Amino acid sequence: MRRALFPIGLAVSLALAFVFLTLPVAAVFLRASPVELVRQLGSELAVDAMLVTLQTSTIALALILVVGTPAAYALARWQFRGRSVVVALTELPLVLPPAVAGIGLLAALGTRGLLGGTLDAFGVRIPFTQAAVILAVTFVASPFYLRQALVALEALDPDVLDAARTLGASPARVFRRIVLPLSGGALGAGATLAWARGIGEFGATILFAGSLQGETQTLPLAIYAAFDLDRTVALALGALLIIISLAVLLTAKLLPSWTRSSLTSASSAARSTSM
Amino acid sequence: MDTLEFDICVKRRSFDVDVAVRLERSTLALAGPSGAGKTTILRAIAGLVRPSHGRISLGDDVWFDASKRVWRAPDLRSVGLVFQDFALFPHLSVRKNVAFGTKEPIDDLLERFGIAKLALLKPSELSGGERQRVALARALARRPRALLLDEPLASLDAATRRTVRDELRRLLDELALPTLLVTHDFEDATALAARVGVIVEGRLVQLDVPASLVSAPADPFVASFTGGNLLPGLARPGLDGMTEIITETGAKLFSTDQAQGPVGVVFNPWDITVAREAPPHPMRNHIGGRVGSVVRAGSRVHVRVGEITAELALDSVERLGLEPGERIVCSFEASAARLLPLASPDAEIREGSASSR
Chain P
55 MRRALFPIGL
65 AVSLALAFVF
75 LTLPVAAVFL
85 RASPVELVRQ
95 LGSELAVDAM
105 LVTLQTSTIA
115 LALILVVGTP
125 AAYALARWQF
135 RGRSVVVALT
145 ELPLVLPPAV
155 AGIGLLAALG
165 TRGLLGGTLD
175 AFGVRIPFTQ
185 AAVILAVTFV
195 ASPFYLRQAL
205 VALEALDPDV
215 LDAARTLGAS
225 PARVFRRIVL
235 PLSGGALGAG
245 ATLAWARGIG
255 EFGATILFAG
265 SLQGETQTLP
275 LAIYAAFDLD
285 RTVALALGAL
295 LIIISLAVLL
305 TAKLLPSWTR
315 SSLTSASSAA
325 RSTSM
Chain L
572 MDTLEFDICV
582 KRRSFDVDVA
592 VRLERSTLAL
602 AGPSGAGKTT
612 ILRAIAGLVR
622 PSHGRISLGD
632 DVWFDASKRV
642 WRAPDLRSVG
652 LVFQDFALFP
662 HLSVRKNVAF
672 GTKEPIDDLL
682 ERFGIAKLAL
692 LKPSELSGGE
702 RQRVALARAL
712 ARRPRALLLD
722 EPLASLDAAT
732 RRTVRDELRR
742 LLDELALPTL
752 LVTHDFEDAT
762 ALAARVGVIV
772 EGRLVQLDVP
782 ASLVSAPADP
792 FVASFTGGNL
802 LPGLARPGLD
812 GMTEIITETG
822 AKLFSTDQAQ
832 GPVGVVFNPW
842 DITVAREAPP
852 HPMRNHIGGR
862 VGSVVRAGSR
872 VHVRVGEITA
882 ELALDSVERL
892 GLEPGERIVC
902 SFEASAARLL
912 PLASPDAEIR
922 EGSASSR
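The listed protein sequences derive, respectively, from chains P and L.
Quick note on my numbering: the first sequence kicks off at 55 and runs consecutively.
Quick note on my numbering: the second sequence kicks off at 572 and runs consecutively.
Put into structure tokens, the structure is as follows:
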């Protein structure tokens, strides 16, 4: 009798966890009819938010890829004093409350911030512009990509990269012809995760960029704005973000395993058979 | 013709790799225990490791000269390096692997290495021997002026190994490039290289033709590496100008070599005779032990007796009817026992740590 209690306890915990984690997601779709949800996505508030989110998250992702990939490669290839500190600090935004990120960005780049005067001299004002959204999103999302990229790049066989060098390839060509193709899947998965974190970004954005419709109001900010005006619009935007999140989750899970299978077959190359 | 010359020192955690070699169009094998720094030497020549000082040159090209601050990047050195695990590009086909380093057509090369049929396969679909041929073809596609091979046969199974070794030997003869190959196998070294350099703890302890390494090893490691027997012991002058050695296992041996203190007694497997009982001959060496393995190699038989390997004629083994586990006595002349001074770092470390306590 007692022996049966433990597996029952496990099953109940699992059921509780599953219901608790999926109920809010399901509720978004159950509160309003699908037709109503789709109709509300056509509202001006929703369309503006979608456009702002698409623009800012795409530019942010481009920044993350263009700067983050070489940066992660440098971290993966170079051994230097304080390397672990650098790695830890680049991961800080993962655990940093977004509100702190927002106030930090204001303190650094705001008109009265650390670099505010310098930027002002060049006639650049960042806070409460779309540039501010991009920077906030980049700040909170980049560690998701950097971490994944670092793991993938560290896993590359250094002999394979060295072999390319002895075959006459410059470091840049090794990066293009060997490093990127071999780690592409994992980098793609990291990029997907970073992008997903970026489109969901709220706290840093509202403090640093505000919530101006059609300018800095992204999807999560629009949900917050619609919450008081029209609950159905908020639900419709929520449903949209849920669908995007599910797609992201699936992509991030499938992408690395897709490349991993091609890598595993390569490492099984260690076997030596006589023919 | 190109001469590969290097005199380099590479700092490593436990010891410095400090080696100087001059190599014309012939093959030199670098042999030695694992971790001795053999691969480091190849990597330094290829430009993948930067020596702290010294000089590397091929013909008139200076690749590295610490005193003149010359450093040529690996991709600008005309050298082919074949890695121990081949390091093929896993995402590229055989054809693309071989073509990676060259713009010239590679069809002849694929044909010559017998890998034309495999051109479209990925490295993961190849056998060990095939992968080795791809790695060689890839390194040679650039027409390098020097060739470096890191344990070219180590990752192959015994059956493939012999065939590949013969192929490799013919290839190296044909290429006539300055070739440096790393191996831990004396047989492979003898089969592939004109000269063998033995590296122990980053230093070249002996560089000679294989036969001289066997007949006159300069270092205990060289002796054991070439297949000779090596028993460590303490030497002191004995009767009739002979040297008397008490081995670590307590056996008393005699040698015509002069030495005192810690030595390695080195003797060849083929200088040993075996019998069931020690023959009554005062100036011979006798070591008793149980028969371990008995391995036949052609008309000769390798018999393991305790720590010793004896190489005997097949008929004498048959006459004795040796069986594993039996007690027998190995005998050899005092003149066949060579003495090598043995630095015994173990003893020093033991004493050092004891006194520091």
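Every residue, glycine too, gets a C-beta built ideally from N, C-alpha and C.
Here the structure is a predicted model, which means the values were calculated and not measured.
Residue i versus the options, residue with shortest Cα-Cα distance
i             : options                       : result
residue 183/P : 64/P, 270/P and 123/P         : 270/P
residue 185/P : 289/P, 110/P, 278/P and 97/P  : 110/P
residue 274/P : 104/P, 136/P and 158/P        : 104/P
residue 307/P : 247/P, 290/P, 257/P and 282/P : 247/P
residue 625/L : 847/L, 721/L and 590/L        : 590/L
residue 670/L : 218/P, 114/P, 167/P and 71/P  : 218/P
residue 789/L : 653/L, 599/L and 911/L        : 911/L
residue 895/L : 664/L, 833/L, 865/L and 744/L : 865/L
residue 200/P : 284/P, 125/P, 237/P and 131/P : 125/P
residue 97/P  : 64/P, 112/P, 286/P and 223/P  : 286/P
residue 290/P : 56/P, 89/P and 63/P           : 89/P
residue 91/P  : 140/P, 61/P and 295/P         : 295/P
residue 729/L : 700/L, 696/L and 714/L        : 700/L
residue 667/L : 630/L, 712/L and 652/L        : 712/L
residue 893/L : 878/L, 874/L and 879/L        : 874/L
Backbone CA spacing between residue i and residue j [nearest angstrom]
i             : j             : result
residue 310/P : residue 149/P : 24 Å
residue 233/P : residue 68/P  : 41 Å
residue 672/L : residue 692/L : 18 Å
residue 608/L : residue 787/L : 23 Å
residue 708/L : residue 155/P : 54 Å
residue 862/L : residue 876/L : 5 Å
residue 633/L : residue 760/L : 28 Å
residue 293/P : residue 107/P : 15 Å
residue 158/P : residue 188/P : 15 Å
residue 578/L : residue 635/L : 10 Å
residue 737/L : residue 192/P : 59 Å
residue 565/L : residue 128/P : Outside the shown range of chain L, which is 572 to 928, sits residue 565/L, and nothing can be said about it.
residue 803/L : residue 792/L : 11 Å
residue 83/P  : residue 646/L : 59 Å
residue 226/P : residue 115/P : 22 Å
residue 100/P : residue 267/P : 9 Å
residue 265/P : residue 277/P : 11 Å
residue 179/P : residue 142/P : 31 Å
residue 581/L : residue 628/L : 16 Å
residue 300/P : residue 113/P : 22 Å
residue 812/L : residue 720/L : 47 Å
residue 251/P : residue 302/P : 10 Å
Listed by chain order, chain P residues near residue i by CB distance under 8 Å
i             : result
residue 713/L : 221 and 222
residue 890/L : Those do not exist, as residue 890/L stays about 38 Å from chain P at its closest Cβ, beyond 8 Å.
residue 645/L : 216, 219 and 220
Close beta carbons around residue i, own chain, < 8 Å, minus the five adjacent residues each side
i             : result
residue 170/P : 163 and 164
residue 765/L : 597, 598, 599 and 780
residue 583/L : 608, 611 and 773
residue 586/L : 608, 772 and 773
residue 298/P : 250 and 253
residue 137/P : 129
Same chain, Cβ closer than 6 Å to residue i, neighbours up to 5 away in sequence not counted
i             : result
residue 902/L : 844, 855 and 857
residue 849/L : 857 and 900
residue 328/P : A caution first: residue 328/P carries a pLDDT of 34, below 50, which makes its placement in the model unreliable, though a value can still be read off. Excluding positions up to five away in sequence, the list is empty.
residue 326/P : Annotation note: pLDDT 36 at residue 326/P (below 50); position unreliable, no value reported.
residue 117/P : 192
residue 882/L : 840, 841, 871 and 873
Any non-hydrogen atom of the ligand GDP within 7 Å of residue i CB
i             : result
residue 164/P : As presented, the structure is devoid of all ligands, the ligand GDP included, so that no description of it is given.
Sequence-distant residues of its chain with Cβ nearer than 7 Å to residue i (five each side left out)
i             : result
residue 197/P : 144, 145, 147 and 148
residue 688/L : none
residue 655/L : 721, 722, 725 and 726
Contact list for residue i against chain P, beta-carbon separation under 7 Å
i             : result
residue 672/L : 221 and 222
residue 654/L : 213 and 217
residue 736/L : Residues of chain P passing the Cβ test: none, with the nearest at roughly 13 Å.
residue 584/L : Those do not exist, as residue 584/L stays about 13 Å from chain P at its closest Cβ, beyond 7 Å.
Partner residues on chain L for residue i, Cβ-Cβ distance less than 7 Å
i             : result
residue 302/P : Residues of chain L passing the Cβ test: none, with the nearest at roughly 26 Å.
residue 232/P : 660
Within chain L, partners of residue i - CB distance below 9 Å
i             : result
residue 236/P : 660, 661 and 662
Does the pairing of the region 808 to 820 of chain L with the region 791 to 800 of chain L give three or more beta-carbon distances under 8 Å?
-> No, they do not touch.
Can we say the region 600 to 607 of chain L touches the region 769 to 786 of chain L, given the rule of at least three CB pairs closer than 8 Å?
-> With contact defined as three or more Cβ pairs closer than 8 Å, the region 600 to 607 of chain L and the region 769 to 786 of chain L are in contact.
Contact between the region 657 to 664 of chain L and the region 634 to 648 of chain L: three or more CB pairs below 8 Å?
-> Taking a cut-off of 8 Å for Cβ pairs, the region 657 to 664 of chain L and the region 634 to 648 of chain L do not touch, as fewer than three such pairs fall below it.
Counting Cβ pairs closer than 8 Å, one from the region 254 to 261 of chain P and one from the region 673 to 682 of chain L, do we hit at least three?
-> Touching, no, given that fewer than three Cβ pairs across the two stretches are closer than 8 Å.
Selection of the region 615 to 634 of chain L by Cβ proximity to chain A, strictly under 9 Å = Although the question refers to chain A, the structure presented lacks it and instead comprises the protein chains P and L.
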